[in-house]
Amino acid sequence: MRISRSAAFVIPLLLASPVIPGVAGPASPERHPVPAGQRALLAHEKEIDALIARMTLDEKIGQMTQPDQQYLASPRDIAAYHLGSLLSGGDSDPKRSNSFADWREMIDGYHAEAQKSRLQIPLLYGVDAVHGHNNVVGAVVFPQQIGLGATRDAGLVEEVARITAKEVRATGANWTFAPCVTVPRDERWGRSYEGFGEDTTLVRELGAAAVRGFQGPALSDPLRVAACAKHYVGDGGTVWGTGRRDDKHPTKGGRLDQGDVQLEEAALRRIHLAPYADAIAAGVATIMPSYSSWNGVKCSGSRQLLTEILKNDLGFQGFLISDYAAIDQLPGDYRSDVKQSIGAGMDMVMVPEKYQEFIATLKGLIEAGEVDKARIDDAVRRILRVKFAMGLAPGARAASDAALAASFGSAEHRAVARRAVRQSLVLLKNEKRTLPLAKDLKRIHVAGRGADDMPMQAGGWTVYWQGLRVAGKPEARIPGTSILAGIQAAVSKSTTVTHSKDGAGAEGADAVVVVVGEEPYAEFEGDRSDLSLGQADKDAIAAARKAGKPLVVVLLSGRPMVVTDELGLADAFVAAWLPGTEGAGVADVLFGDHKPSGKLPMSWPRSNAQIPVNVGDATYDPLYKYGYGLTY
Ligand code: BGC
Ligand code: BGC
């Protein structure tokens with residue numbers, strides 16, 4: 000065996016974890032042939048050659064352009080600019096309403112516009128279906144990925160992704176920006192819940208399962224969608240204080256999100272890169288480079304990361320989609336942003352607003368010889384590979400299938416979500432055999448802000464970008480079961496369930512359940528330096544404790560929180576993550592219909608001072624270790 004210079008640092012890693020071609024270090028293409036999972040993307044090269052030969056430069060650039068639909072000057076621009084793709088960002092809903100029918104009509108309308116273009120190449124329509132088809136009112140909303148990480152159940156993750164794909168297809172979209180294969184290493188990060196957990200091995204396994212669930216055995220399956228592994232690479236490993244500044248909230252800026260990863264290459268590969276190799280092996284069609292940087296270089300502009308490592312070493316044959324306006328953050332003016340990113344290997348740009356400017360800029364760069372024509376052909380080829388593999392050749396039908404409407408948000412889909420919820424709960428404490436609660440207690444008092452609160456249960460990326468509780472917008476009532484409703488449905492006919500937000504009225508009950516936790520948040524806005532509970536939650540727990548009855552605390556959060564004091568007050572304590580619409584899954588665990596089986600996907604800190612804490616740390620002494628979880 001020839002040991003190259005670059006292979007020297009790699010050997011210890013190979014011993015530590017299963018070998019994945021390309022992950023441990025650079026490799027030449029001939030030594031690492033195309034991974035088996037990527038070969039299906041290469042099945043139509045001849046047809047693609049012929050199509051590319053017929054395409055004008057404008058048509059090629061159009062395929063590489065992805066506006067957010069809300070910024071289209073007119074739907075006619077889809078054909079006029081030969082657009083290859085559109086997306087709905089987190090707040091980009093149909094104009095009339097957020098209903099299933101309006102989503103379907105909107106997306107089908109755009110597909111019809113694409114058929115008016117000369118080549119009639121169908122659109123890829125992308126959405127953030129990250130825990131169900133979560134932007135659409137009426138979709139089943141699954142636990143956020145952190146909760147799925149607690150289940151340790153790859154089969155379940157695959158099933159959740161399969162159902163999500165079907166609901167996405169029912170509205171006519173055919174691409175989801177999921178799964179997030181981040182490895183969140185700092186619980187203060189507001190995107191921690193989008194990851195499966197802090198351990199690379201877990202993310203590798205569940206990330207690949209999600210890709211299989213979204214895409215199915217073949218991308219041509221009309222019930223599946225193209226997946227997108229994100230955010231490449233190291234988004235969960237940024238250093239506190241290096242994040243994007245928030246002009247609206249200057250005190251909040253510069254924390255973690257979109258920050259800088261300061262790691263040597265070997266550690267980056269071992270911790271953060273490995274899940275991409277598994278996603279690639281599972282056939283992932285697209286990958287989204289991250290807003291964040293690695294040792295000061297933005298991922299969206301790094302030729303080493305995008306071309307050398309991802310495409311050459313790992314053998315990725317699909318295409319790269321930039322994050323929302325991410326290339327605008329590269330140094331220099333917009334022209335240099337476009338030049339750097341496309342040159343580095345970006346294939347499609349999520350513009351999302353100024354698409355005319357992007358198109359003109361890229362065209363100017365090509366005509367000036369500053370962006371290579373071969374690079375453009377490579378980008379277009381990669382996009383067309385995904386389309387052809389999905390059956391989206393020129394003239395093909397890309398619209399929604401009316402037959403799927405009946406299954407959207409169906410009881411059958413909700414039953415799987417309920418199963419995911421009950422498997423995701425982690426029992427942190429259970430003294431005096433408090434759980435399971437008897438179903439025939441005379442009175443159960445349910446308290447806390449989270450007991451009857453769908454926004455808290457669902458978290459961010461649910462109907463709205465930052466979650467359902469958005470200032471100035473009505474709190475959407477999304478169909479589902481609150482935890483309170485789940486408890487009411489579980490108990491015997493003779494049991495009385497009383498409820499108060501603040502814990503008042505607990506006296507005299509036979510057991511008290513208090514549901515507390517975090518307000519919804521998403522990327523950027525969710526970074527926090529203090530992960531303690533708020534005062535209202537502490538007060539509700541204290542009030543309930545005074546009743547002197549068995550006290551169960553249920554925590555709704557996107558990450559471990561600092562609850563050392565509250566754990567002391569509670570008889571039983573359940574980490575429920577962000578379970579989504581099926582609160583009955585929580586009742587299943589409280590009342591003994593499902594023995595707790597979830598295991599911590601992140602280490603649980605004792606104090607704010609101990610954060611970040613991760614399994615494998617040199618001094619590792621969390622309150623509860625990674626993998627901890629009781630049963631009864
Ligand atoms: C997020 C991505 C998301 C994209 C489109 C970005 O701000 O980082 O995760 O896919 O927006 O909504
Ligand atoms: C969009 C998100 C996007 C974010 C980026 C929001 O308005 O809805 O999808 O990720 O902007 O800043």
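If you count the sequence shown from 1, position 63 lands on 62 in numbering that gives the first Met the number 0, and the numbers rise without skipping.
Idealized CB from N, CA, C, for every residue including glycine.
ask   = Are the beta-carbon atoms of Val159 and Ala419 separated by less than 8 Å?
value = Here residue 159 refers to the residue found at position 160 of the sequence shown. Here residue 419 refers to the residue found at position 420 of the sequence shown. In this structure, Val159 places its C-beta atom within 8 Å of the C-beta atom of Ala419.
key: Extent of the continuous beta strand (DSSP E) to which Phe572 belongs   = Reading the sequence shown from its first residue, position 573 is the one you call residue 572. Going by DSSP, Phe572 is part of the beta strand (DSSP E) stretching over Ala571 to Trp576.
message = Starting from Cys627, trace the beta strand (DSSP E) in both directions and tell me its first and last residue.
response = Here the question's residue 627 lines up with position 628 in the sequence shown. First, the residue type needs correcting, since residue 627 is Tyr and not Cys in the sequence shown. No beta strand (DSSP E) contains Tyr627, which DSSP labels as neither H nor E.
message = Closer than 7 Å to a non-hydrogen atom of ligand 1 - does that hold for the CB of Leu123?
response = Your numbering for residue 123 matches position 124 in the sequence shown. No.
Candidates Gly146, Arg103, Gln355 and Asn173: closest to Met389 by CA position = Mapped onto the sequence shown, residue 389 falls at position 390. Among Gly146, Arg103, Gln355 and Asn173, the Cα nearest to that of Met389 belongs to Asn173.
Secondary structure of Arg187, DSSP reduced to three states = For the purposes of this step, residue 187 is taken as residue 188 along the sequence shown, with counting starting at 1. Look at Arg187 here: in three-state DSSP terms it is coil, with no helix or strand label.
query = The alpha helix (DSSP H) with Ser499 in it runs from where to where?
reply = Taking the sequence shown and counting its residues from 1, one reaches residue 499 at position 500. Here Ser499 belongs to no alpha helix (DSSP H); instead the beta strand (DSSP E) covers Thr495 to Ser499.
Distance CB(Ser98)-CB(Val136) smaller than 8 Å = Numbered from 1 along the sequence shown, position 99 holds the residue referred to as residue 98. Numbered from 1 along the sequence shown, position 137 holds the residue referred to as residue 136. Contact: yes.
task = Assign Tyr637 to buried or exposed, taking buried as 16 or more other Cβ atoms, counted over all protein chains shown, within 10 Å of its Cβ.
result = The requested residue 637 is not part of the displayed model; the chain covers only 0 to 631.
key: Closer than 7 Å: Leu50 CB and nearest ligand 1 heavy atom   = Walking along the sequence shown from the start, residue 50 turns up at place 51. For Leu50, the CB stays at least 7 Å from every heavy atom of ligand 1.
key: Supposed close pair Gly36, Gly282 - CB separation, criterion 8 Å   = Walking along the sequence shown from the start, residue 36 turns up at place 37. Walking along the sequence shown from the start, residue 282 turns up at place 283. Rounded, the Cβ-Cβ distance is 4 Å, consistent with contact.
task = Look up Ala392 in the DSSP assignment and say whether it is helix, strand or coil.
result = Position 393 of the sequence shown, counting from 1, holds the residue named residue 392. Of the three classes helix, strand and coil, the one that applies to Ala392 here is coil, per DSSP.
ask   = Would the beta-carbon of His230 be found less than 7 Å away from any heavy atom of ligand 1?
value = Position 231 of the sequence shown, counting from 1, holds the residue named residue 230. It does: the Cβ of His230 is within 7 Å (strictly closer) of some heavy atom of ligand 1.
query = Whose C-beta lies closer than 7 Å to the C-beta of Lys165 among residues of the same chain, with five residues either side of it excluded?
reply = Indexing the sequence shown from 1 puts residue 165 at position 166. For Lys165, same chain residues with a beta-carbon under 7 Å away, outside a window of 5 residues either side, are Leu222, Leu403 and Ser406 in chain order.
inquiry  = Tell me the DSSP secondary structure of His271 in three-state form.
reply    = Against the sequence shown, residue 271 aligns to sequence position 272. The answer is helix: DSSP assigns His271 an H, G or I state.
query = Pick from Asn294, Gly240 and Pro66: whose alpha carbon is nearest that of Val232?
reply = Locating residue 232 in the sequence shown gives position 233, counting from the first residue. Nearest option by C-alpha distance: Asn294.
ask   = Grouping DSSP H, G and I as helix and E and B as strand, with all else coil, what is Ala397?
value = Counted from its first residue, the sequence shown places residue 397 at position 398. Ala397: coil per DSSP, three-state reduction.
query = Does the pairing of the segment 320-340 with the segment 351-363 give three or more beta-carbon distances under 8 Å?
reply = Judged by pairs of C-beta atoms under 8 Å, the segment 320-340 touches the segment 351-363, as three or more such pairs exist.
ask   = Would Glu518 pass as a contact of Met453 if the rule is Cβ separation under 8 Å?
value = In the sequence shown, counting from the first residue as 1, residue 518 sits at position 519. In the sequence shown, counting from the first residue as 1, residue 453 sits at position 454. In this structure, the beta-carbon distance from Glu518 to Met453 does not fall below 8 Å.
ask   = Is it the case that the CB of Tyr290 approaches a heavy atom of ligand 4 more closely than 7 Å?
value = No copy of ligand 4 occurs in the structure displayed; its ligands are ligand 1 and ligand 2 alone.
query = Does any heavy atom of ligand 1 sit closer than 7 Å to the C-beta of Tyr354?
reply = Taking the sequence shown and counting its residues from 1, one reaches residue 354 at position 355. Not a single heavy atom of ligand 1 lies less than 7 Å from the C-beta of Tyr354.
inquiry  = Can you give me the C-alpha to C-alpha distance between Asp152 and Lys372, rounded to a whole angstrom?
reply    = Looking up residue 152 in the sequence shown gives position 153. Looking up residue 372 in the sequence shown gives position 373. So the alpha carbons of these two residues sit roughly 45 Å apart.
task = On the DSSP bridge assignment, give the partners of Glu581 in chain order.
result = Counting from one through the sequence shown, the residue named residue 581 turns up at place 582. Within the DSSP bridge table, the entry for Glu581 names Thr480 as partners.
Spatially closest choice to Gly593 from Pro600, Met601 and Ala583, by CA coordinates = The residue given as residue 593 occupies position 594 in the sequence shown. A small fix is needed here, since residue 593 is His in this sequence, not Gly. Minimum Cα-Cα distance from His593 among the listed residues Pro600, Met601 and Ala583 corresponds to Ala583.
query = Given Asp501, which residues of its chain have a CB within under 8 Å of its CB, disregarding the five upstream and five downstream residues?
reply = Walking along the sequence shown from the start, residue 501 turns up at place 502. In the same chain as Asp501, and ignoring 5 residues on each side of it, the C-beta atoms closer than 8 Å to its own belong to Ala446, Ala535, Asp538, Ala539 and Ala542, in chain order.
request  = Name, in chain order, the residues that DSSP records as bridge partners for Cys179.
outcome  = Along the sequence shown, read from residue 1 onward, the residue named residue 179 stands at position 180. Beta-bridge pairing links Cys179 to Lys229.
Heavy atom of ligand 1 within 7 Å of Gly466 beta-carbon = Reading the sequence shown from its first residue, position 467 is the one you call residue 466. No; taking the cut-off as 7 Å, the Cβ of Gly466 has no heavy atom of ligand 1 nearer than that.
inquiry  = Given the structure, does Tyr80 come close to ligand 1, in the sense that its CB is under 7 Å from one of the ligand's heavy atoms?
reply    = For the purposes of this step, residue 80 is identified with residue 81 of the sequence shown, where counting begins at 1. Result no, Cβ not under 7 Å from ligand 1.
inquiry  = In whole angstroms, give me the CA-to-CA distance for Gln144 and Val515.
reply    = Within the sequence shown, numbered from 1, the residue matching residue 144 stands at position 145. Within the sequence shown, numbered from 1, the residue matching residue 515 stands at position 516. Going from the Cα of Gln144 to the Cα of Val515 covers about 20 Å.
key: Coarse secondary structure for Ile443, derived from DSSP in three states   = Within the sequence shown, the letter at position 444 stands for residue 443. Taken through DSSP and simplified to helix, strand or coil, Ile443 comes out as strand.
query = Which first and last residues belong to the alpha helix (DSSP H) in which Val614 is found?
reply = Along the sequence shown, one-based indexing puts residue 614 at 615. Run containing Val614: none; DSSP gives neither H nor E here.
query = Gly516 by DSSP, collapsed to three states: which one?
reply = Numbered from 1 along the sequence shown, position 517 holds the residue referred to as residue 516. Strand, per DSSP.
inquiry  = Less than 7 Å separating the Cβ of Gly88 from some heavy atom of ligand 1?
reply    = Indexing the sequence shown from 1 puts residue 88 at position 89. Yes, Cβ of Gly88 sits closer than 7 Å to a heavy atom of ligand 1.
task = Following the continuous alpha helix (DSSP H) through Leu205, name the residue where it begins and the one where it ends.
result = The residue labelled residue 205 in the question sits at position 206 within the sequence shown. Note, Leu205: alpha helix (DSSP H), Thr199 to Gln214.
inquiry  = Tell me the rounded alpha-carbon separation between Tyr631 and Arg432.
reply    = Here residue 631 refers to the residue found at position 632 of the sequence shown. Here residue 432 refers to the residue found at position 433 of the sequence shown. Going from the Cα of Tyr631 to the Cα of Arg432 covers about 8 Å.
Of the listed residues Gln65, Ile47 and Val469, nearest to Asp346 (C-alpha basis) = On the sequence shown, residue 346 is found 347 positions in, with the first residue counted as 1. The residue with the shortest Cα to Cα distance from Asp346 is Gln65.
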